[in-house]
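Visitor: Please see the structure below; I have some questions.
So, in structure tokens, the structure goes:
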């Protein structure tokens, strides 16, 4: 009789313990303000999306690393890192920031305004967002892409930065930088005033390329 009472007591405690474990941990959760899907103005499924807030707008930039080049009828040469017949596509849209701060379950995505669509001369392999949240720095992100010409491979970094038109309207501009040599460049990192990149193979772990103080000045590409 004594063992039966003890068994019932332990069984009751076990049920209570399991019920406690099944409850959600009372951590603070972020409050969802805005939910969106891919804007329908993107004709492709992006390989990467970058959100940037500048001034009164939020900018959504979509990257397609390997899109079929126009006029090649879907023909692609190469299966490795370098391919012919494909190129990278960069498309950006924007929306007023105050629209995203209105609390609701779902906002229509047709409020995005197109900014630009750029087609590169070769496939994209990496996108690097600036490693700084300093608002005074105008460089935003860099795109690593590759080009084959006369049986040689060339590697470029396209750096996007913001400028103010008439002191008010923000515009995204860019400049292309051809990286030295023909050795495959596998990584880039956009810093405050420099561009870091690594090559494979290479005896050095990485290289640093300083961006001149006039980099964001006209003329733009």
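In the numbering used here, the protein residues as written are -17 to 203.
Every residue, glycine too, gets a C-beta built ideally from N, C-alpha and C.
Would you list, in sequence order, the uninterrupted beta strand (DSSP E) runs of no fewer than 3 residues that lie entirely inside the segment 100 to 130?
Guide: With a minimum length of 3 residues, the continuous beta strand (DSSP E) runs that stay inside the segment 100 to 130 are 106 to 111.
Visitor: What does a CB cutoff of less than 7 angstroms around residue 212 pick up in its chain, not counting 5 residues either side in sequence?
Guide: Because the chain is modelled from -17 through 203, residue 212 falls outside the range shown and cannot be assessed.
Visitor: When you compare only the Cα positions, how much space is there between residue 196 and residue 121?
Guide: Going from the Cα of residue 196 to the Cα of residue 121 covers about 12 angstroms.
Visitor: With a threshold of 6 angstroms on Cβ separation, who are the neighbours of residue 119 within its own chain once the five nearest residues in sequence on each side are excluded?
Guide: Contacts found: 174.
Visitor: Using three-state DSSP, classify residue 188 as helix, strand or coil.
Guide: DSSP places residue 188 in coil when its eight states are reduced to three.
Visitor: Short check: CB of residue 23 to CB of residue 49, under 9 angstroms?
Guide: Not a contact, by the Cβ cut-off of 9 angstroms.
Visitor: Looking only at C-alpha atoms, which of 172, 166 and 193 sits nearest to residue 184?
Guide: Residue 184 has its Cα closest to that of 166, out of 172, 166 and 193.
Visitor: Cβ atoms of residue 26 and residue 44: under 9 angstroms apart, would you say?
Guide: Yes, the Cβ-Cβ distance between residue 44 and residue 26 is below 9 angstroms.
Visitor: Look up residue 220 in the DSSP assignment and say whether it is helix, strand or coil.
Guide: Only positions -17 to 203 of the chain appear in the structure, and residue 220 is not among them; the question remains open.
Visitor: To which residues of the same chain is residue 155 closer than 8 angstroms at the C-beta, ignoring the five residues directly before and after it?
Guide: Cβ within range, chain order: 142, 143, 144, 145, 198, 202 and 203.
Visitor: Identify every residue that forms a DSSP beta bridge with residue 96.
Guide: DSSP, once it has assigned bridges, lists 75 as partnering residue 96.
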